[in-house]
Amino acid sequence: MVAFDANEALTPCREGRGIGAILFDRERLRQADIGLFSPQHWAGKARPVGEGGRGSAWFVDAPFGPSVLRHYLRGGLAARISHDQYIWRGADRTRSFAEFRLMRALREKKLPVPRPIAAFYMREGLRYRAAILMERIEGVRSLADRALVAGRGAPWEETGRMIARFHRAGLDHADLNAHNILFDGNGHGWLIDFDRGVIRIPATAWRERNLKRLLRSLIKLRGERSVEDVEKDYARLRRAYDMAWNRGT
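Heads up, this note's numbering is the position in the sequence shown plus 145, with the first residue counted as 1.
Put into structure tokens, the structure is as follows:
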């Protein structure tokens with residue numbers, strides 16, 4: 146059962162034979178329509194996001210502020226069957242609505258995540274496609290980029306402490322990789338991309354799974370750096386994580 150949120154608004158929409166809905170933040174939008182989720186609708190005000198993803202995200206210069214539009218695309222073998230359609234299991238279980246509400250829940254816990262603006266699904270029969278629109282955090286670089294450029298000067302300890310905060314709040318991030326960890330010039334960090342993430346009771350198994358996934362991504366994205374160098378940097382991250390976790394912060 147999804148908790149009631151007075152700042153959420155829901156409006157139905159249609160496209161061809163499809164029937165869908167838009168969930169949006171009434172404090173940011175007075176009304177929402179399906180055009181919000183089309184890069185073509187924004188014309189020259191939308192440009193592809195270059196880093197991470199599979200060509201499914203755009204930076205949008207919207208009247209309500211700098212935003213990111215992301216379409217949900219399937220990966221792996223499933224993409225050979227359908228690149229953007231998912232099995233229908235109800236509106237509240239769509240990828241977009243679930244991520245929208247998870248981000249709102251994390252923000253309520255005072256965690257550094259972008260503000261979700263609107264989420265959309267369009268259903269045709271037993272399948273649906275989806276998209277989400279959220280605020281853009283400006284002036285940031287990913288940990289992947291910082292690690293390649295700065296190496297040992299990247300914010301390893303800050304990253305470890307931030308991940309511990311999210312884990313303490315119960316976030317099991319489904320894709321904790323170096324592209325999804327952002328820092329600004331002042332060292333303030335954010336976590337992004339909460340698709341398939343869930344809130345759980347903190348447990349060792351899923352926390353370790355998150356951290357191992359991050360290490361794999363750092364090794365994969367290491368460029369000309371050696372695996373040994375990456376593992377030394379990750380050890381700094383892990384020490385800071387463990388200290389923050391043990392302090393309960």
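Beta carbons: idealized from backbone N, C-alpha and C, even for Gly.
Please read these numbers as outputs of a predicted model, since none were measured by experiment.
Three-way DSSP call (helix, strand, coil) for A348 in this model: Here residue 348 is taken as the residue at index 203 of the sequence shown, counted from 1. Per DSSP, reduced to three states, the secondary structure at A348 is coil, with no helix or strand assignment.
Cβ-based burial, D338 [other Cβ within 10 Å; buried from 16]: Against the sequence shown, residue 338 aligns to sequence position 193. By the neighbour-count rule (16 or more Cβ atoms within 10 Å), D338 is buried.
Inter-stretch contact (C-beta, 8 Å, three-pair minimum) for the stretch 309–325 and the stretch 335–350: yes
Three CB pairs or more closer than 8 Å across the stretch 180–198 and the stretch 298–308: no
Cα-Cα separation, R173 to A289: Translated into positions along the sequence shown, residue 173 becomes position 28. Translated into positions along the sequence shown, residue 289 becomes position 144. C-alpha separation (whole angstroms): 31 Å.
C-alpha distance - A309 paired with W390, whole-angstrom precision: Against the sequence shown, residue 309 aligns to sequence position 164. Against the sequence shown, residue 390 aligns to sequence position 245. Roughly 6 Å separates the two Cα atoms.
Cβ-Cβ distance between W335 and P257 below 7 Å: One-based indexing of the sequence shown puts residue 335 at position 190. One-based indexing of the sequence shown puts residue 257 at position 112. Their beta carbons are under 7 Å apart, which means W335 touches P257 by this criterion.
Touching by the beta-carbon criterion (3+ pairs, under 8 Å), the stretch 372–383 and the stretch 263–282: No, the stretch 372–383 is not in contact with the stretch 263–282.
Terminal residues of the alpha helix (DSSP H) in which P184 lies: Position 39 of the sequence shown, counted from the first residue, corresponds to residue 184. Looking at the DSSP string, the run of the alpha helix (DSSP H) that includes P184 is P184 to W187.
Residues of its chain near V372, where Cβ-Cβ distance is below 8 Å and the 5 sequence neighbours each way are ignored: For the purposes of this step, residue 372 is taken as residue 227 along the sequence shown, with counting starting at 1. These residues qualify, in order along the chain: I364.
Whole-number beta carbon distance between R274 and M267, since they are thought to touch under 8 Å: Along the sequence shown, read from residue 1 onward, the residue named residue 267 stands at position 122. Along the sequence shown, read from residue 1 onward, the residue named residue 274 stands at position 129. Between R274 and M267 the Cβ distance is about 6 Å, and since that is below 8 Å, they are a contact.
Bridge-paired residues (DSSP) for F265: Taking the sequence shown and counting its residues from 1, one reaches residue 265 at position 120. Answer is I167 and A276.
L155 versus R272 - alpha carbon distance: Mapped onto the sequence shown, residue 155 falls at position 10. Mapped onto the sequence shown, residue 272 falls at position 127. Those two C-alpha atoms are separated by around 20 Å.
Extent of the continuous alpha helix (DSSP H) to which T304 belongs: Taking the sequence shown and counting its residues from 1, one reaches residue 304 at position 159. Residues W301 to R313.
Closest residue to F209 among D170, Q230 and F242 (Cα-Cα distance): Taking the sequence shown and counting its residues from 1, the one referred to as residue 209 is at position 64. Selected option, being the one with the closest Cα: D170.
Given G161 as reference, the closest of E153, A151 and I179 once Cα atoms are compared: For this step, residue 161 is matched to residue 16 along the sequence shown. When only C-alpha atoms are compared, the closest one is I179.
Cβ-Cβ distance between S241 and F204 below 7 Å: Counted from its first residue, the sequence shown places residue 241 at position 96. Counted from its first residue, the sequence shown places residue 204 at position 59. No. Outside cutoff.
Selected residue, minimal CA-CA separation from R341, among G332, N331, D329 and N355: Here residue 341 is taken as the residue at index 196 of the sequence shown, counted from 1. Among G332, N331, D329 and N355, the Cα nearest to that of R341 belongs to N355.
Residues that DSSP places opposite E153 in a beta bridge: On the sequence shown, residue 153 is found 8 positions in, with the first residue counted as 1. Partner(s): D170.
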